[in-house]
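Down below is the structure, laid out as structure tokens.
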Amino acid sequence: MKFSIPNMKCDGCASTVTAALHKLDADAPVKIDLGRHEVEFGGDAPREAVLSALAAAGYPAADAR
């Protein structure tokens, strides 16, 4: 799953996003692209759970295009 996170702009943001996603699936791959403000999550969590976790961490997301 790939998501766009407009307010993810620095390494600290990326660390927070990664930690939030690893709470859903600790072993899932997480790929951050700060330049595009995108994250790719390879876990098995439902899409809505991922969006909720990101929003709760302060990084509301939308599906990446």
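Using our numbering, the first residue of the sequence shown is number 1, and each one after it goes up by one.
Ideal Cβ placement from N, Cα and C applies to all residues, glycine included.
As the structure is a computational prediction, the values presented were derived from the model and not from experiment.
Below 8 angstroms on the Cβ atoms is my guess for residue i versus residue j; work out the distance and round it to an integer in Å.
i	j	result
residue 10	residue 59	About 12 angstroms separates the two Cβ atoms, so there is no contact after all.
residue 5	residue 55	Contact flag wrong, Cβ pair sits at about 10 angstroms.
By how many angstroms is the C-alpha of residue j removed from the C-alpha of residue i?
i	j	result
residue 32	residue 22	13 angstroms
residue 50	residue 24	8 angstroms
residue 16	residue 36	17 angstroms
residue 20	residue 30	11 angstroms
According to DSSP, is residue i part of a helix, a strand, or is it coil?
i	result
residue 11	helix
residue 62	strand
Quick check on this structure: which residue in the options has the alpha carbon closest to the alpha carbon of residue i?
i	options	result
residue 44	26, 3, 17, 7	26
residue 28	42, 38, 18	42
residue 34	2, 53, 8	8
residue 57	1, 18, 3	18
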